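*Asks:*
Protein chains: 2
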Amino acid sequence: MFDNFHCSHMFSGISPESYSRMMVCFNSSPKKYSAGETICFYEPKKRTVAIVEKGRAVVVKTFYSGSQTILEQLSDGSIFGEVFYFHSNTDGISVIAASECTVRFLDYEHIMTSCHNACEHHSQLIQNLFSIISCKAAELSEHIDVLSHRTTREKLMAYFQIQSSKNNSGKFKLPFSLSALADYISVDRSAMMREIKKIKEEGYIDISQREVTILKDYIQ
Amino acid sequence: MFDNFHCSHMFSGISPESYSRMMVCFNSSPKKYSAGETICFYEPKKRTVAIVEKGRAVVVKTFYSGSQTILEQLSDGSIFGEVFYFHSNTDGISVIAASECTVRFLDYEHIMTSCHNACEHHSQLIQNLFSIISCKAAELSEHIDVLSHRTTREKLMAYFQIQSSKNNSGKFKLPFSLSALADYISVDRSAMMREIKKIKEEGYIDISQREVTILKDYIQ
DNA sequence: ATATTACTGTTGCATAAGCAACAAATTACA
DNA sequence: TGTAATTTGTTGCTTATGCAACAGTAATAT
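So the sequence lines, in the order shown, correspond to chains A and B.
The numbering of the first sequence is numbering that gives the first Met the number 0, which starts it at 0 and goes up by one.
The numbering of the second sequence is numbering that gives the first Met the number 0, which starts it at 0 and goes up by one.
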């Protein structure tokens, strides 16, 4: 379970032995859920940190209409909880098992308050938690950087630029579908497709399916 | 210095006596700056947490062209540092004294690592830092909520709704100028003015200068 | 008091972008 | 393997929005 993290890692720098001891100290035992089962609902003032030790789950928002959006995909090693969800409104947010999975719940207060037991890596845990939050914030900030451009073209190029520098390459694969990209940059999908076509024709990028190549720099 | 925080507070729940003791433990002595003086530059991997104990300062981004944007306004009790700035690129970011001011620098590692001295409120400090970061993240998230609407009208109404619920009133004062609002929602100012006029005419809101009143709910 | 700067309010024009609707291609899945 | 569901690619129409440019007002500085 110690890979697959997007940003940092909740237990990096902590040995499996230390991890086990800490779980005892936290008085946390793993709970099992079968596919489709609701793991929990997000509640306003609750501050539990949960870890998906094994399996896949999703954080979903259910609207009054009954329609749902996936807010986050969780897999082995992922963490979730109110602390990582930066909205005041937790209405309709729940976590649902996508496969059979094992989840551990930790008390936020216990994480924050240094304990008197043998948790030698407690401060490491806190630092990791901090990195995770900072990383989430950085992602939000990145999203704002993209969204704060006026035109579809500028949004697209800003997004491509970011992906390109993340991959250290002018060639990269989109992490999600073009439809999802349209959602991410908050523009109409058909309008985006039209713009992509133009950008291609003007020779700035090449793109087919999810493969993007930046051909020349787009200034401003 | 214990007020004036936007979100939470670095030293809330910590007595002045405990604060003084901690400053000794942190080996941090206050430094003085006169108006206009550069307090520091943001550097890529540096992680110093700084506190404006007295006076006013600004975090500014200076572009290659020489033009500047104020990223943040700091006053008595404000904190700043790389940890609170969620971009990988720190180029051209500096903190400048706006008036004579006193600043304290704390080592991030020392904050995170629980110390063996008499800092009884160390874990409180960590929790406060955590609240501050979470709060900043929540603000970013709020900004995304506004920006991810397609039209100027929707962005405006989303923004007004948020302000209204923050003030617990349908009547509130904009925290900045209309020009700045146009920047915040990332639309052309004149287009925004045109839309505001329409929204007024249709009776959704009333607005003159910076006073906004929501008259009827805007659905969707 | 006067100059300077910033902010507010308005308009014409060209076009970018939203919406709706459809066909083709791709992927998922039973 | 075959069928459904999703994604991609395209177009016509209408309108919202960006841009430029200007005048009037408020705020700030000298």
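Glycine is no exception: its CB is placed at the ideal position from the N, C-alpha and C atoms.
Small disclaimer: the values here were computed from a predicted structure and weren't measured.
Which full runs of the alpha helix (DSSP H) of 4+ residues lie inside the stretch 30-106 of chain B, going along the chain?
*Replies:* Within the stretch 30-106 of chain B, no complete alpha helix (DSSP H) run reaches 4 residues.
*Asks:* Excluding the 5 residues preceding and the 5 following Cys39/A in the sequence, name in chain order all residues of the same chain whose CB lies nearer than 6 Å to its CB.
*Replies:* Closer than 6 Å at Cβ, skipping near neighbours: Val94.
*Asks:* Could you name the residues of the same chain whose beta carbon sits closer than 8 Å to that of Thr151/A, not counting the 5 residues immediately before and after it, in chain order?
*Replies:* These residues qualify, in order along the chain: Ile184, Val186, Ala190, Met191 and Glu194.
*Asks:* Measure from the alpha carbon of Glu81/B to the alpha carbon of each residue in Lys44/B, Thr61/B and Gln67/B, then state which is nearest.
*Replies:* If we check each option's Cα against that of Glu81/B, Lys44/B comes out closest.
*Asks:* So is Phe85/B in contact with chain A if we call contact Cβ pairs under 8 Å?
*Replies:* Yes, Phe85/B lies at the interface with chain A (some Cβ there is under 8 Å from its Cβ).
*Asks:* I need the DSSP call for Asn3/B, collapsed to helix, strand or coil.
*Replies:* Bear in mind that a pLDDT of 31 at Asn3/B, under 50, signals an unreliable position, so the model cannot answer this.
*Asks:* Hey, is the stretch 166-173 of chain B in contact with the stretch 72-92 of chain B, meaning 3+ C-beta pairs nearer than 8 Å?
*Replies:* No contact exists between the stretch 166-173 of chain B and the stretch 72-92 of chain B.
*Asks:* Using a Cβ-Cβ distance under 8 Å, would Val82/A count as near chain B?
*Replies:* Closer than 8 Å to some Cβ of chain B, the Cβ of Val82/A qualifies, so yes.
*Asks:* What does DSSP give as the partner residues of Glu210/A in its beta bridges?
*Replies:* Paired residue(s): Lys172/A and Ser207/A.
*Asks:* Kindly list the residues whose CB is nearer than 7 Å to the CB of Asp2/A, restricted to its own chain and excluding five residues on each side of it in sequence; keep chain order.
*Replies:* Only weak support exists for where Asp2/A lies, its pLDDT of 30 falling under 50; the coordinates are left without a value.
*Asks:* Residues in its own chain within less than 7 Å of Asn26/B by CB, not counting five upstream and five downstream?
*Replies:* The answer is none, since no qualifying residue turns up.
*Asks:* Of all the options Glu153/A, Glu210/A and Gly202/A, which has the alpha carbon lying nearest to the alpha carbon of Ser176/A?
*Replies:* When each option's Cα is compared against that of Ser176/A, the closest is Glu210/A.
*Asks:* Quick check on Phe62/B: buried or exposed, where buried means 16 or more other Cβ atoms within 10 Å of its Cβ?
*Replies:* Exposed, because fewer than 16 other Cβ atoms sit within 10 Å of the Cβ of Phe62/B.
*Asks:* Using a Cβ cut-off of 7 Å, pull out every chain A residue sitting near Tyr178/B, in sequence order please.
*Replies:* Looking at the sequence shown, residue 178/B is not Tyr but Ser. In chain order: nothing, as chain A lies at least about 15 Å away.
*Asks:* At the level of alpha carbons, what is the spacing between Tyr203/B and Ser140/A?
*Replies:* Answer to the nearest angstrom: the Cα atoms are 31 Å apart.
*Asks:* Give me the Cα-Cα distance between Ala181/B and Leu173/B, rounded to the nearest whole angstrom.
*Replies:* Cα to Cα, Ala181/B sits roughly 12 Å from Leu173/B.
*Asks:* With distances taken Cα to Cα, identify the nearest neighbour of Gln160/A among Ala136/A, Leu146/A, Tyr217/A and Ile125/A.
*Replies:* The candidate whose alpha carbon is nearest that of Gln160/A is Tyr217/A.
*Asks:* In three-state terms, what does DSSP make of Met192/B?
*Replies:* In the structure shown, Met192/B sits in a helix (DSSP, three-state: H, G or I).
*Asks:* Run down chain B in chain order and give the residues with a C-beta less than 7 Å from the C-beta of His142/A.
*Replies:* By Cβ distance, chain B contributes Ile143.
*Asks:* Apart from the five residues just before and just after Ser178/B, which ones in its own chain have a Cβ nearer than 7 Å to its Cβ?
*Replies:* Closer than 7 Å at the Cβ level, and outside the excluded window around Ser178/B, lie Arg188.
*Asks:* Quick check on DSSP: helix, strand or coil for Arg152/B?
*Replies:* Residue state, collapsed to three classes: helix.
*Asks:* Can you confirm whether Ala181/A, when its beta carbon is compared against all beta carbons of chain B, has any partner nearer than 8 Å?
*Replies:* Not an interface residue.
*Asks:* Starting from Met22/A, trace the alpha helix (DSSP H) both ways and give me its first and last residue.
*Replies:* That run of the alpha helix (DSSP H) goes Pro15 to Cys24.
*Asks:* Quick check on the burial criterion: 16 or more other C-beta atoms within 10 angstroms. Buried or exposed for Ile69/B?
*Replies:* Burial call: exposed.
*Asks:* Quick check on the DSSP output: the alpha helix (DSSP H) that includes Ile222/A runs from which residue to which?
*Replies:* Because chain A spans 0 through 219 in this model, residue 222/A falls outside it and cannot be assessed.
*Asks:* Determine the DSSP secondary structure at Met9/B, reduced to helix, strand or coil.
*Replies:* If DSSP states are grouped into helix, strand and coil, Met9/B belongs with coil.
*Asks:* Report yes or no: is there a C-beta of chain A within less than 8 Å of the C-beta of Leu139/B?
*Replies:* It does: the Cβ of Leu139/B has a partner Cβ on chain A nearer than 8 Å.
*Asks:* Shorter than 7 Å, the distance from the beta carbon of Cys100/A to the closest heavy atom of the ligand SAH, or not?
*Replies:* For the ligand SAH, the structure offers nothing, since it holds no ligand at all.
*Asks:* Does DSSP classify Tyr158/A as helix, strand or coil?
*Replies:* Helix at Tyr158/A.
*Asks:* Quick one: residues in its chain with C-beta nearer than 6 Å to the C-beta of Met156/A, no 5 flanking neighbours on either side, listed in chain order?
*Replies:* Counting only Cβ-Cβ distances below 6 Å, and skipping sequence neighbours, we find Tyr217.
*Asks:* Hey, does Glu194/B have any beta-carbon neighbour from chain A nearer than 8 Å?
*Replies:* For Glu194/B, the answer is no, since every Cβ of chain A falls outside 8 Å of its Cβ.
*Asks:* If you measure from the beta carbon of Met111/A to each beta carbon in chain B, is any gap under 8 Å?
*Replies:* Yes, Met111/A lies at the interface with chain B (some Cβ there is under 8 Å from its Cβ).
*Asks:* Tell me which same chain residues have a C-beta within less than 6 Å of the C-beta of His5/B, skipping the five on either side of it?
*Replies:* Low confidence applies here, because His5/B scores a pLDDT of 49, under 50, leaving its location unreliable and the question unanswered by this model.
*Asks:* So, is the C-beta of Ser77/B closer than 8 Å to a C-beta in chain A?
*Replies:* Judged by the 8 Å Cβ criterion, Ser77/B is not in contact with chain A.
*Asks:* Mind the definition here: the stretch 100-113 of chain A touches the stretch 122-137 of chain B only if three or more C-beta pairs lie below 8 Å; say whether that holds.
*Replies:* Touching, yes.
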